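Trainee:
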Amino acid sequence: MGDHKYEKSFQLEEAIVDGVDISGEWNKMYEPRELTEYDTTYLEKVIGLDGGESMGWCYQCAACIGVCPVDNVGSYGPRKIYRKLQTGLNLFEDKDLWLCTSCNNCLRVCPKEVDMMKIMPAVREQAVLEGNVPDELQEMLQNVAEYGNPMGESARKRVRWAKDMDETFRDLTKEDDPQPVDVLWYVSDYFSYHNRGNDAARAMVRVMNKLNIDFGTLGKEEKCDGDSQRLVGEKGLFEELAEHNDSLFQKYPHKELVVSDPHAYNAFKNFYPKVTGNEYNVKHYTQFLSGKVDELKALYTGEFNKKVTFHDPCYLGRHNGEYEAPRTLINSIPGIEFVEMYRNREQGYCCGGGGGGMWLDGFTADHTTERLSENRIKEAVEVGAEVLVVCCPYEVSRFEDAVKSTNNDENIMVLDIIEIIDSCMQGKVAA
Amino acid sequence: MPDLPVMVIGGGPCGMEATRGISDLGYNVVLVDKAEFLGGNPIAGDYAALTPDMRNAEDAMNEMIEAITDNPLIEIRLNSSVVAAEGKAPDLSVTVKNGKGDEKIDVGSVIISTGFQHFDPGKETQIYGYYEYDDVITLVDVERMLKAGKFVRPSTGEKPKQVCFIQCVGSRDRQIGNQWCSKVCCGIATKEAIEIRDLVPDCKVFVFYIDMRMYGFWEDELYWKAQEEKQVNFIRGIVTEITLRGDGVVVKGEDTTMGRPMEIPMDVVILSIGMEPSKGSTEMAKLFDIPLESHGFIETIGGALNTVQTSAPGIFAAGASTGPADLEDSISMGGAAALKACAFIRKSQLQTA
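Residue numbers (the numbering used here), protein chains in the order written: chain W, 1 to 431; chain G, 1001 to 1353.
(1) Between which two residues does the beta strand (DSSP E) holding residue 217(W) run?
(2) Check whether the stretch 1015-1024 of chain G touches the stretch 222-233 of chain W, counting contact only when three or more Cβ pairs, one atom from each stretch, lie closer than 8 Å.
(3) Flag this pair as touching only if the stretch 99-107 of chain W and the stretch 70-80 of chain W have three or more C-beta atom pairs under 8 Å; answer yes or no.
(4) Excluding the 5 residues preceding and the 5 following residue 50(W) in the sequence, name in chain order all residues of the same chain whose CB lies nearer than 7 Å to its CB.
(5) If you check the beta carbons only, do residue 316(W) and residue 265(W) fall under 9 Å apart?
(6) The beta strand (DSSP E) spanning residue 1185(G) covers which residue range?
(7) Check the Cβ of residue 1240(G) against every Cβ in chain W and list those closer than 7 Å, keeping chain order.
(8) Leaving out five residues before and five after residue 1129(G) in sequence, what residues of the same chain have Cβ atoms less than 7 Å from its Cβ?
(9) Please report the straight-line C-alpha distance between residue 385(W) and residue 1195(G), rounded to a whole angstrom.
(10) For residue 377(W), which of 257(W), 387(W) and 362(W) has the nearest alpha-carbon?
(11) For a test of the three-state rule: what should DSSP assign to residue 1243(G), helix, strand or coil?
(12) Counting only C-beta atoms, is residue 1167(G) closer than 9 Å to chain W at any point?
(13) Can you round the beta-carbon distance between residue 1013(G) and residue 1330(G) to whole angstroms, since I take them to be within the 8 Å contact cut?
(14) How would you list, in chain order, the residues of chain G whose beta-carbon sits under 9 Å from the beta-carbon of residue 44(W)?
(15) Alpha carbon to alpha carbon, what distance is there between residue 56(W) and residue 1105(G)?
(16) Please compile the residues from chain A whose C-beta is within a distance smaller than 7 Å of the C-beta of residue 83(W).
(17) Let's test the definition: count the other Cβ atoms within 10 Å of the Cβ of residue 1212(G) and tell me whether it reaches 16, buried, or not, exposed.
(18) In the stretch 1201-1216 of chain G, which residues sit with their C-beta less than 9 Å from some C-beta in chain W, listed in chain order?
(19) Measure from the C-beta of residue 56(W) to each C-beta in chain G and report whether the shortest distance is under 9 Å.
(20) Beta-carbon separation of residue 389(W) and residue 411(W) under 9 Å?
(21) Taking a cut of 9 Å between CB atoms, which residues from the stretch 62-87 of chain W lie near chain G?
(22) Where are the alpha helix (DSSP H) runs, 4 residues long or more, that stay fully inside the stretch 326-372 of chain W, in chain order?
(23) So, under 8 Å CB-CB, residue 181(W) and residue 215(W) are touching, yes? Tell me the CB distance rounded to an integer number of Å.
(24) Once DSSP output is grouped into helix, strand and coil, what is the label at residue 1172(G)?
(25) Using the DSSP secondary-structure output, state which residues sit across from residue 1253(G) in a beta bridge.
(26) Start and end of the beta strand (DSSP E) containing residue 1232(G)?
(27) Any C-beta of chain W within less than 8 Å: which residues of the stretch 1020-1051 of chain G qualify?
(28) So does the stretch 190-201 of chain W actually touch the stretch 414-425 of chain W, counting three or more Cβ pairs closer than 8 Å?
(29) Taking residue 183(W) and residue 254(W) to be in contact with their CB atoms under 8 Å, please state how far apart those CB atoms are, rounded to whole angstroms.
(30) So the alpha helix (DSSP H) residue 206(W) belongs to, where does it begin and stop?
(31) Would a check of beta-carbon distances place residue 256(W) closer than 9 Å to chain G?
(32) With which residues is residue 1209(G) paired in a DSSP beta bridge?
(33) Name the chain G residues whose beta carbon is nearer than 8 Å to that of residue 40(W)?
(34) DSSP on residue 185(W), reduced to helix/strand/coil?
(35) Along the alpha helix (DSSP H) that carries residue 1300(G), what are the first and last residues, could you check?
(36) Please name the residue or residues paired with residue 1164(G) in a DSSP beta bridge.
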């Protein structure tokens, strides 16, 4: 694993000892190796942190390494981090602090329950406080703090995607006397600001309208859910965002909260309650729609005659146990041929976007052989899929980049489930 | 046929439990030990606390001694050695030698519970320098210090800052001829590591191991506790050399999970020495004409289904005289041997009646 000093030799050109000439190679000596330091200072610092305790529990079975998506393209994983810490690594200032995508695969298999989902945010929080954050990530954090979204776009532009649509829907923040709404739809940053996300957002509106659902959005008042910011150690920012979004959830009465983004789902379901004390009746959109499969089927007028595969988002799957809802939706689509990738459901491979990875592309590239998203695209192509179906807003852009960088433009395309459902409702026939 | 006693040879935990069991069943028992005290290795070795429950070893042994004291069915002979045996059980005549001379005792059955001896680290092929360096000590030496309520660097008498255990010293080694795992050293080293961390909180503790063998509940009661609560550092890779550098010793080996060499200065190095058959065990095997098994311990012939049966009818062997055994094994085997010895006498009586 590490580099070490072996056999550094030296010799004197001229040496005479007690009258005996031992010049040159006759006096060749090896330098004694440096003593190994087992400086456990930083290990102790990590396990002393609230959330860092379980770092000290690793007994080196290496179960985590086999499933660590980052080790798959480099050398990484909880076992290795523990050993490096035990031998003096300052994790607080090391690259290893930022390579974890918090995909939860290690914890799934860890017999000792070493929990990187708690360890990483705890250690990163210290690094953030000390200003030891990769530049790309720092820029993102500033954007979120200033503008409420990682892109650094104005709040006004959050609703621009809906401008050119014939469809109408409620923007609760524009209603003078907002009446309760059945479904409060949390649109999320990438659906709002990213051009491919915009496609999915518009598809979502059309589908919801076809289903005659009374739904509304938080318009330009919506802000980033903060889950990824929490995972990169910006606890304070996360709490601010939680308070902000919670105040909107309380202000606009609704029966159900439906989110586009698994990270938002994770935040609202598991972490907002700890900050706000409120519980949320939250569903990911695939969960919401999978309960209406019969209605959807009745609305399909087109077909999608393609072989597709599905990428489980870490934050819907491993973090929250939902594997069936997206598959139910995919299998409801007429003409579709569904094939699983080798690594699916609990074993699903990470796209690399979680835990801050979304904003560490350049940084991560320096320490890995390929992007996780590239590795995943190759797998999707290998199983013969013409379409990689996703349901996390981070993923369309990540995977579309990976399709290009792996020269697979001719072989595969990336679509959100909602886009396929929408096209089938518009009578389109894809062949 | 008269009510002949069972003779128990060896008054350690195993022999004491056998003695108690025999008397509880209403049979006579003669307990013989060559030492001037009962309690075996836990007392002779000044053990501080038992593994894994950390119970005070002396208290626990005293409880066992008390259970077999002042009982008309029990005769205890200390400072006594078994030197000869004639006949076959249940008609055995055993000669016991003490300061006053030899005495022949008629017994119906025998339980050999002569235990183990600690491996002598001077016999280790790897050069650990136990007899050369003051700061290289054994698990037993640590027990002695812990019993006295302290843990210090022997060369200075001061509290150490960094210490390590080296596992498998004298065990699992073809060259030495000890091809067995001694079963208890991982647990005892870990127990001592916990005690050292409690006693000297500033002292870092390392355990260098080949593989940690923490049977059953020792896993979480000792191993996990040591790592998770006491921050003991377990490092896979055995130390192969100890050298003196300046005032201190340096351990050298490979950190195998890192794939790199290591040389670390230590204030104290503790050798986790294993078990060997005791001299008493090999002597008794010879005396009662029982073969030794391939490792040199007394051979039992019942495999897993009968842990105390030897090839000689009416002669039973129990505890660490038959192979590496922890306290639980020893006590359990002592009880099993008591039952079988009494049953042997009972069956003999029924046959002659």
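By construction, the Cβ of each residue, glycine as well, lies at the ideal position given by its N, Cα and C atoms.
Please read all numbers here as calculations on a predicted model, not as lab measurements.
Mentor: So, to answer that:
(1) By 1-based counting over the first sequence, the position of residue 217(W) is 217. Per DSSP, residue 217(W) belongs to the beta strand (DSSP E) from 215-217.
(2) With the cut-off at 8 Å, the stretch 1015-1024 of chain G and the stretch 222-233 of chain W do not touch.
(3) With a cut-off of 8 Å on Cβ pairs, the stretch 99-107 of chain W is in contact with the stretch 70-80 of chain W, counting three or more such pairs.
(4) Locating residue 50(W) in the first sequence gives position 50, counting from the first residue. Correct list, in chain order: 122.
(5) For the purposes of this step, residue 316(W) is taken as residue 316 along the first sequence, with counting starting at 1. For the purposes of this step, residue 265(W) is taken as residue 265 along the first sequence, with counting starting at 1. In this structure, residue 265(W) lies closer than 9 Å to residue 316(W) by Cβ.
(6) Against the second sequence, residue 1185(G) aligns to sequence position 185. Going by DSSP, residue 1185(G) is part of no beta strand (DSSP E) but of the alpha helix (DSSP H) stretching over 1185-1199.
(7) For the purposes of this step, residue 1240(G) is taken as the residue at position 240 of the second sequence. Those do not exist, as residue 1240(G) stays about 14 Å from chain W at its closest Cβ, beyond 7 Å.
(8) Taking the second sequence and counting its residues from 1, the one referred to as residue 1129(G) is at position 129. Sequence-distant partners of residue 1129(G) (beyond 5 residues in either direction) whose C-beta falls short of 7 Å from its own C-beta, in its chain, are 1136 and 1242.
(9) Taking the first residue of the first sequence as position 1, residue 385(W) is located at position 385. Taking the first residue of the second sequence as position 1, residue 1195(G) is located at position 195. Distance between the alpha carbons of residue 385(W) and residue 1195(G) is about 60 Å.
(10) Within the first sequence, numbered from 1, the residue matching residue 377(W) stands at position 377. The shortest Cα separation from residue 377(W) among 257(W), 387(W) and 362(W) belongs to 387(W).
(11) Position 243 of the second sequence, counted from the start, is the residue given in the question as residue 1243(G). Residue 1243(G) falls in the strand class under three-state DSSP.
(12) Here residue 1167(G) is taken as the residue at index 167 of the second sequence, counted from 1. Answer no: the Cβ-Cβ gap between residue 1167(G) and chain W never drops below 9 Å.
(13) Here residue 1013(G) is taken as the residue at index 13 of the second sequence, counted from 1. Here residue 1330(G) is taken as the residue at index 330 of the second sequence, counted from 1. The C-beta distance from residue 1013(G) to residue 1330(G) rounds to 5 Å, short enough to meet the 8 Å contact threshold.
(14) Residue numbering aside, residue 44(W) sits at position 44 when the first sequence is read from its first letter. Neighbours of residue 44(W) on chain G, chain order: 1231.
(15) Translated into the one-based positions of the second sequence, residue 1105(G) becomes position 105. Translated into the one-based positions of the first sequence, residue 56(W) becomes position 56. As the crow flies, the alpha-carbon of residue 1105(G) is around 60 Å from that of residue 56(W).
(16) You won't find chain A in this structure, because its protein chains are W and G.
(17) The residue you call residue 1212(G) lines up with position 212 of the second sequence. When all chains shown are included, residue 1212(G) counts as buried.
(18) Those residues of the stretch 1201-1216 of chain G that come within reach of chain W (Cβ to Cβ, closer than 9 Å) are 1204, 1206 and 1212.
(19) Here residue 56(W) is taken as the residue at index 56 of the first sequence, counted from 1. Yes, its Cβ sits closer than 9 Å to a Cβ of chain G.
(20) Numbered from its first residue, the first sequence carries residue 389(W) at position 389. Numbered from its first residue, the first sequence carries residue 411(W) at position 411. In this structure, residue 411(W) does not lie closer than 9 Å to residue 389(W) by Cβ.
(21) So the list reads 62, 79, 80, 83, 84, 86 and 87, given in the order they occur along the chain.
(22) Entirely contained in the stretch 326-372 of chain W, the alpha helix (DSSP H) runs reaching 4 residues are, in chain order, 361-365.
(23) Residue numbering aside, residue 181(W) sits at position 181 when the first sequence is read from its first letter. Residue numbering aside, residue 215(W) sits at position 215 when the first sequence is read from its first letter. Confirmed, about 6 Å.
(24) Position 172 of the second sequence, counted from the start, is the residue given in the question as residue 1172(G). For residue 1172(G), the secondary structure class from DSSP, reduced to helix, strand or coil, is coil.
(25) As a position in the second sequence, residue 1253(G) is number 253, starting the count at 1. Residue 1253(G) is bridged to 1239(G) and 1262(G).
(26) Taking the first residue of the second sequence as 1, we reach residue 1232(G) at position 232. Residue 1232(G) -> no beta strand (DSSP E), and no H or E assigned at all.
(27) Answer in chain order: no residues at all.
(28) Under the 8 Å Cβ criterion, the stretch 190-201 of chain W counts as touching the stretch 414-425 of chain W, having at least three qualifying pairs.
(29) Taking the first residue of the first sequence as 1, we reach residue 183(W) at position 183. Taking the first residue of the first sequence as 1, we reach residue 254(W) at position 254. The pair is a contact, with the Cβ atoms about 7 Å apart (cut-off 8 Å).
(30) Translated into positions along the first sequence, residue 206(W) becomes position 206. Per DSSP, residue 206(W) belongs to the alpha helix (DSSP H) from 195-210.
(31) On the first sequence, residue 256(W) is found 256 positions in, with the first residue counted as 1. It does not; no Cβ of chain G falls within 9 Å.
(32) Mapped onto the second sequence, residue 1209(G) falls at position 209. The partner list for residue 1209(G) (beta bridge, DSSP) reads 1236(G).
(33) Within the first sequence, numbered from 1, the residue matching residue 40(W) stands at position 40. Here the neighbours are 1204, 1231 and 1233.
(34) Stepping through the first sequence from its first residue, residue 185(W) is reached at position 185. Here residue 185(W) sits in strand by DSSP.
(35) Your numbering for residue 1300(G) matches position 300 in the second sequence. Taken as a continuous stretch (DSSP letters only), residue 1300(G) belongs to no alpha helix (DSSP H), as it is neither H nor E.
(36) Here the question's residue 1164(G) lines up with position 164 in the second sequence. 1206(G) and 1269(G).
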